[in-house]
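Participant: Read top to bottom, the protein sequences are chains A and B. Count the first sequence with the numbering used here and you get residues 5 to 119, in order. Count the second sequence with the numbering used here and you get residues 5 to 119, in order. Virtual Cβ for every residue (Gly too), placed ideally from N, Cα, C. Model, not experiment: these values are computed from the prediction.
Protein chains: 2
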Amino acid sequence: MISKTGHLFASIPAALPAEQFDTLLQTGACRLERIISIGHATPPGEWYDQDGDEWVILLQGRAGLRFADEDQERKLAPGDYVWISAHRRHRVEWTSQNPPAVWLALHLESGCDAR
Amino acid sequence: MISKTGHLFASIPAALPAEQFDTLLQTGACRLERIISIGHATPPGEWYDQDGDEWVILLQGRAGLRFADEDQERKLAPGDYVWISAHRRHRVEWTSQNPPAVWLALHLESGCDAR
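#1: Would you please verify whether the beta carbon of Tyr52 (chain B) is less than 8 Å from any beta carbon of chain A?
#2: Output needed in chain order: residues of the segment 66-84 of chain A with a Cβ under 7 Å from some Cβ in chain B.
#3: With DSSP as the reference, please indicate the residues paired to Arg35 (chain A) in a beta bridge.
#4: At a CB distance below 9 Å, what residues from the segment 12-40 of chain A approach chain B? Give them in sequence order.
#5: In whole angstroms, what is the alpha-carbon distance linking Asp53 (chain B) and Gln30 (chain B)?
#6: How close, in whole Å, do the beta carbons of Ala72 (chain A) and His94 (chain A) come, if the pair is a contact with beta carbons under 8 Å?
#7: Decide yes or no for the touch test of the segment 30-42 of chain B against the segment 78-85 of chain B: beta carbon pairs closer than 8 Å, at least 3 of them.
#8: Can you check whether the C-beta of Trp98 (chain A) is within less than 8 Å of a C-beta belonging to chain B?
#9: Under 8 Å, Cβ to Cβ, is there at least one residue of chain B near Trp59 (chain A)?
#10: With 8 Å set as the bound, which would you pick, yes or no: does the beta-carbon of Gly56 (chain A) sit closer than that to a beta-carbon of chain B?
#11: Nearest to Ser89 (chain A) by alpha carbon, out of A:His111, A:Ile61, A:Ala14?
#12: List the whole-angstrom C-beta distance separating Leu63 (chain A) from Leu108 (chain A), where the pair is believed to meet the contact cut-off of C-beta under 8 Å.
#13: Which residue wins for smallest C-alpha separation from Glu56 (chain B), given the options B:Ile40, B:Ala14, B:Cys34?
#14: Could you check which residue in B:Val86, B:Pro104, B:Val96 has the C-alpha nearest to that of Pro48 (chain B)?
#15: Check the Cβ-Cβ distances between Gly10 (chain B) and every residue of chain A, and say whether any is below 8 Å.
#16: What residues in its chain sit with their C-beta under 6 Å from that of Gln101 (chain B), if we drop five residues either side in the sequence?
#17: By the 10 Å Cβ neighbour count, where 16 or more other Cβ atoms means buried, how is Glu50 (chain B) classified, buried or exposed?
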């Protein structure tokens, strides 16, 4: 876990072998995470299927997010945020390399209902 | 509450009589909020003293944040985030008008310990 006070765009490398996940905050009910994607995508044919709900916002770069129950990907720009209900299958089709894509994700524990 | 999917920088007015607070997400344990400040500041001599912890990030504009236990204000730029423990007295000294200051605040319920 990195510091609870800092700068979201600090220490972003120029390239990464895999996406980088930094936990900013962890409570019993939620986890706040910075994700750095530099041209990364979910491997072909794979889908995320998460036990908990997730609220995610893209804050730098560009990305394509696809839900299994939608025909087309959603093109995300900085400031776009998306609600991903538990077990709603999704994948990241692509992310920008320059600048890197920087996301802020709030993961809610399973059973923690959002109103 | 506004939609759980959207754009953080949408519908930002040019001026506001008072700061605007939009709840993006509400669970039993946490509340995610967008705050728009357009030149607003905490009234002179007043301090926030909150029952729960707060994690807050500035995502547009500039702001000065002062803690009662610190001599100098912290100057915040987009991407700067700050942890505000419950009952740590603080105030917003100033915010930019052009562009407006846009914050994302995660409020944790009292008793919801962050690790």
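Facilitator: For this structure:
#1: Within the second sequence, numbered from 1, the residue matching residue 52 (chain B) stands at position 48. With 8 Å as the cut-off, Tyr52 (chain B) does not count as an interface residue toward chain A.
#2: Gly83, Asp84
#3: Mapped onto the first sequence, residue 35 (chain A) falls at position 31. Answer is A:Gln30, A:His111, bridged to Arg35 (chain A).
#4: Leu12, Phe13, Ala14, Leu28, Leu29, Gln30, Thr31, Gly32, Ala33, Cys34, Leu36
#5: The residue you call residue 53 (chain B) lines up with position 49 of the second sequence. The residue you call residue 30 (chain B) lines up with position 26 of the second sequence. So the two alpha carbons sit approximately 21 Å from each other.
#6: Numbered from its first residue, the first sequence carries residue 72 (chain A) at position 68. Numbered from its first residue, the first sequence carries residue 94 (chain A) at position 90. The Cβ separation is near 7 Å, so the contact holds.
#7: no
#8: The residue labelled residue 98 (chain A) in the question sits at position 94 within the first sequence. Cβ-Cβ to chain B under 8 Å: no for Trp98 (chain A).
#9: By one-based count along the first sequence, residue 59 (chain A) stands at place 55. Trp59 (chain A) counts as touching chain B.
#10: Residue mapping note: residue 56 (chain A) aligns to position 52 of the first sequence, counting from 1. Chain B contact via Cβ: absent.
#11: As a working mapping, residue 89 (chain A) is identified with position 85 in the first sequence. Of A:His111, A:Ile61, A:Ala14, the residue nearest in Cα terms is A:His111.
#12: Working through the first sequence from its first residue, we reach residue 63 (chain A) at position 59. Working through the first sequence from its first residue, we reach residue 108 (chain A) at position 104. The C-beta distance from Leu63 (chain A) to Leu108 (chain A) rounds to 6 Å, short enough to fall under 8 Å.
#13: Indexing the second sequence from 1 puts residue 56 (chain B) at position 52. Checking the sequence, you will find Gly at residue 56 (chain B) rather than Glu. The residue with the shortest Cα to Cα distance from Gly56 (chain B) is B:Cys34.
#14: Position 44 of the second sequence holds residue 48 (chain B). Minimum Cα distance to Pro48 (chain B) is reached at B:Val96.
#15: By 1-based counting over the second sequence, the position of residue 10 (chain B) is 6. Judged by the 8 Å Cβ criterion, Gly10 (chain B) is in contact with chain A.
#16: Position 97 of the second sequence, counted from the start, is the residue given in the question as residue 101 (chain B). Taken in chain order, the residues that qualify are Ile42, Gly43.
#17: By one-based count along the second sequence, residue 50 (chain B) stands at place 46. Flag for Glu50 (chain B) reads exposed.
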